[in-house]
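Colleague: Protein chains in written order, with the working numbering: chain A, 175 to 585; chain B, 12 to 261.
From the three backbone atoms N, C-alpha and C, an ideal C-beta is built for every residue, glycine too.
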């Protein structure tokens, strides 16, 4: 212990002797560690963000949209057919044991007017279950109810963006807005959700009872009055998603009278898969960035080795003298190893501070979320010590096995 | 009691590429405890090789070397280091002090490589520095000391582990004659009052005259070995100073 302390003192003295040289040597490790910390922070920030987005969409969600249609030889894209209905939604929740909730949805857009302000926004006709599935809550006022849906009441829930644009600072709950010239009473304001994974503003929306939306705003489909654009399902748990998906598929095929050879006239999507893929790609990206950053750590290590070799050569006589007065192989080895490790760990600490600073700066400037965890910091300390030991070993060994007579005679 | 140093048929051959140089060609000698020996001889006579072997810095090609009864030729690298640390003090022509350390730290250096801890290292170093007349210079760096003072720091360093023998290689080679006399009187004092065995290599007859035995080397062999009938006396005052007890400041 005493020997280690005194080795550290000797190392510190040797390093402070050549301040500029030590600083430049450390710079390699500083840059390496800082870039590892920053890239890991960006990577875990991205993963965190994807997880937040999953949470903002709602949990255990399955989306059913109509399939494509072929009309006069013209194949239209997915979602254009009017094959899904409110009846489908009712039966899905009634007959499928793994499905907890089903929410039919009609979608449209309209110009909304309040006083002198107007705003174009998305209009969703939904049932109260939609709020539960999407994990929407009401920040101000109250949700509309099943009675509002059955009575086709002219009530509206407004997203934060709509409120900001129509009302400025005024209190929206209880006010009357006009959508396509129809007056609607604002019953509540939704709690903001922020951007979706596609960068869409999830708060730029007005939710109406599905019945009211069809009759007054979006219009009733002439072919099928019961038609909806989408049915959102919630499985009873994450593990039940695949089963729920299969049940929905079977039930819808039966209800749509599809023969075994016929393709589905609807598409079922499971968001979990999408997000899992996104998460995987973002973590691969983060790992690649970290791998590139660790190359600079290795370069920093080579810098340390270089300087240690010079240092051993410069201090050949000192080494000879130490050997003459009784320093053993291990003593000299320890002295130079401690010096190399001191360099690399000091560089590591500066690098950690710099890396945390850089990630904070990146999140401010680029608006990316970053997260520096204690794991990344520990890893950085560990790796910088490892670099010091592995690149300091060769020079230290060279010093320890010098011939004392030649070392003493060295000019 | 056996002699402190007992060498028999010591040879050392260096290989320089294809050529081999026989630096020592069979040296046999004994050195008793408490003697003060000057080793003389022209360059290349083998005296430096002899000193390196005695100092356990190197191992002989063949022959026997008993130091205090220990067969040195069979020891490994780290065992040699331990012998150097415990039994031998080195003094060099160019002092070999570490430039970034104070006089006190230089003197303490051999304590660092002992197996056991030395809790009173500072006090010990202080005492030894004072015994060579450097009280008050403890915190000076080597560059702030004269040549004679630096050599005294080196002598203090060689004494800190209470060695059996001091090996001095041209200790006055870089000093003027007055300072040389001072250093020699320190050696003589250590030899006479503390009974430390001293071997010193020199070119100077004047320096050799302080010793009580002179060994002459030529072509890798001892060619002369004679006692000095009437060794030159160092100043009585300096010996008195070495005898005086030294106060250790707390």
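Check this for me: beta carbons of residue 196 of chain A and residue 509 of chain A, under 8 Å apart or not?
Modeller: Their beta carbons are not under 8 Å apart, which means residue 196 of chain A does not touch residue 509 of chain A by this criterion.
Colleague: If you follow the beta strand (DSSP E) that residue 11 of chain B is part of, which residue opens it and which one closes it?
Modeller: The first residue shown for chain B is 12 and the last is 261, placing residue 11 of chain B beyond what the model contains.
Colleague: With a 10 Å radius around its C-beta and 16 neighbouring C-beta atoms as the bar for buried, classify residue 325 of chain A as buried or exposed.
Modeller: Answer is exposed; the Cβ neighbour count stays below 16.
Colleague: Could you compute how far the alpha carbon of residue 524 of chain A sits from the alpha carbon of residue 114 of chain B?
Modeller: The alpha-carbon atoms of residue 524 of chain A and residue 114 of chain B are separated by roughly 35 Å.
Colleague: Assuming the contact rule is C-beta atoms closer than 8 Å, residue 259 of chain A and residue 401 of chain A should be a hit. Round their C-beta distance to whole Å, please.
Modeller: With a Cβ gap of about 6 Å, residue 259 of chain A and residue 401 of chain A count as contacting.
Colleague: At the 8 Å Cβ level, is residue 210 of chain B part of the contact set with chain A, yes or no?
Modeller: With 8 Å as the cut-off, residue 210 of chain B does not count as an interface residue toward chain A.
Colleague: Going by other Cβ atoms of all chains shown within 10 Å of its Cβ, with 16 needed for buried, is residue 321 of chain A buried or exposed?
Modeller: Result: exposed.
Colleague: Could you name the residues of the same chain whose beta carbon sits closer than 8 Å to that of residue 118 of chain B, not counting the 5 residues immediately before and after it, in chain order?
Modeller: If we look at residue 118 of chain B and ignore the five residues flanking it on each side, its Cβ neighbours are 136, 139, 140, 164, 167, 168 and 171.
Colleague: Expressed to the nearest angstrom, what Euclidean distance is found between the alpha-carbon atoms of residue 369 of chain A and residue 291 of chain A?
Modeller: Going from the Cα of residue 369 of chain A to the Cα of residue 291 of chain A covers about 24 Å.
Colleague: Within 10 Å of its beta-carbon, does residue 390 of chain A have 16 or more other beta-carbons around it, so buried, or fewer, so exposed?
Modeller: Result: buried.
Colleague: Does DSSP put residue 216 of chain B in a helix, a strand or coil?
Modeller: Residue 216 of chain B falls in the helix class under three-state DSSP.
Colleague: Show which residues of chain B have a CB atom less than 7 Å away from the CB atom of residue 503 of chain A.
Modeller: Neighbours of residue 503 of chain A on chain B, chain order: 88 and 89.
Colleague: Applying the criterion that 16 or more other CB atoms from any shown protein chain within 10 Å of the CB defines a buried residue, is residue 209 of chain A buried or exposed?
Modeller: Its Cβ being crowded by 16 or more others within 10 Å, residue 209 of chain A is buried.
Colleague: Please work out which residues of its chain come closer than 8 Å, Cβ to Cβ, to residue 221 of chain A, disregarding the five sequence neighbours upstream and downstream, and give them in chain order.
Modeller: Once the five neighbours on either side are set aside, the close Cβ partners of residue 221 of chain A are 453, 456, 457 and 460.
Colleague: Give the straight-line distance between the Cα atoms of residue 426 of chain A and residue 364 of chain A, rounded to the nearest whole angstrom.
Modeller: Whole-angstrom Cα-Cα distance: 32 Å.
Colleague: Are the CB atoms of residue 304 of chain A and residue 406 of chain A within a distance shorter than 8 Å?
Modeller: Yes, Cβ-Cβ distance for residue 406 of chain A and residue 304 of chain A is below 8 Å.
Colleague: On the DSSP bridge assignment, give the partners of residue 499 of chain A in chain order.
Modeller: According to DSSP, which records beta bridges pairwise, residue 499 of chain A is partnered with nothing at all.
Colleague: Does any C-beta atom of chain A lie closer than 8 Å to the C-beta of residue 63 of chain B?
Modeller: Chain A, which has a Cβ nearer than 8 Å to the Cβ of residue 63 of chain B, makes this yes.
Colleague: What is the DSSP secondary structure of residue 171 of chain B, counted as helix, strand or coil?
Modeller: Residue state, collapsed to three classes: coil.
Colleague: Using a cut-off of 8 Å between C-beta atoms, extract the partners of residue 492 of chain A located in chain B.
Modeller: Those within 8 Å of residue 492 of chain A in chain B are 109.
Colleague: Which same chain residues, not among the five before or five after residue 131 of chain A, have their C-beta less than 8 Å away from its C-beta?
Modeller: Only positions 175 to 585 of chain A appear in the structure, and residue 131 of chain A is not among them; the question remains open.
Colleague: When we look at the beta-carbon of residue 234 of chain A and count the other beta-carbons within 10 Å, is it buried (16 or more) or exposed?
Modeller: That one is buried.
Colleague: Reducing DSSP to helix, strand and coil, say where residue 101 of chain B ends up.
Modeller: Looking at residue 101 of chain B - three-state DSSP - the assignment turns out to be strand.
Colleague: Along the alpha helix (DSSP H) that carries residue 474 of chain A, what are the first and last residues, could you check?
Modeller: Segment 445–488, the alpha helix (DSSP H) holding residue 474 of chain A.
Colleague: Apply the 10 Å Cβ neighbour rule to residue 323 of chain A and answer buried if 16 or more other Cβ atoms are within range, or exposed otherwise.
Modeller: So residue 323 of chain A ends up on the buried side.
Colleague: Among all the DSSP beta bridges, which residues are the ones paired with residue 82 of chain B?
Modeller: Answer is B/77.
Colleague: With 8 Å set as the bound, which would you pick, yes or no: does the beta-carbon of residue 572 of chain A sit closer than that to a beta-carbon of chain B?
Modeller: Not closer than 8 Å to any Cβ of chain B, the Cβ of residue 572 of chain A fails to qualify, so no.
Colleague: Can residue 56 of chain B and residue 180 of chain B be called in contact, C-beta distance under 8 Å?
Modeller: The answer is no: Cβ separation not under 8 Å.
Colleague: Quick one: which residues of the stretch 120–141 of chain B get their C-beta closer than 7 Å to a C-beta of chain A? List them in chain order.
Modeller: Of all residues in the stretch 120–141 of chain B, 120, 121, 123, 124 and 128 have a Cβ within less than 7 Å of some Cβ in chain A.
Colleague: Quick one: Cα of residue 187 of chain A to Cα of residue 470 of chain A, how far?
Modeller: One C-alpha to the other measures close to 27 Å.
Colleague: Could you give the DSSP three-state label for residue 12 of chain B: helix, strand or coil?
Modeller: Three-state result, residue 12 of chain B: coil.
Colleague: Give me the Cβ distance between residue 111 of chain B and residue 191 of chain A, rounded to the nearest whole Å; I'm assuming they're in contact under 8 Å.
Modeller: At roughly 6 Å, the Cβ-Cβ gap stays under 8 Å, so residue 111 of chain B and residue 191 of chain A are in contact.
Colleague: Along chain A, in chain order, which residues have C-beta atoms closer than 7 Å to that of residue 68 of chain B?
Modeller: The answer, in chain order, is 498, 578 and 579.
Colleague: From the beta carbon of residue 29 of chain B, is the nearest beta carbon of chain A less than 8 Å away?
Modeller: So no, residue 29 of chain B is outside the interface.
Colleague: For residue 191 of chain A, decide whether its Cβ has a neighbour in chain B, counting only Cβ atoms nearer than 8 Å.
Modeller: It does; some Cβ of chain B falls within 8 Å.
Colleague: One question on the structure: do residue 74 of chain B and residue 154 of chain B come within less than 8 Å of each other, judged by their Cβ atoms?
Modeller: No, they are not a contact pair.
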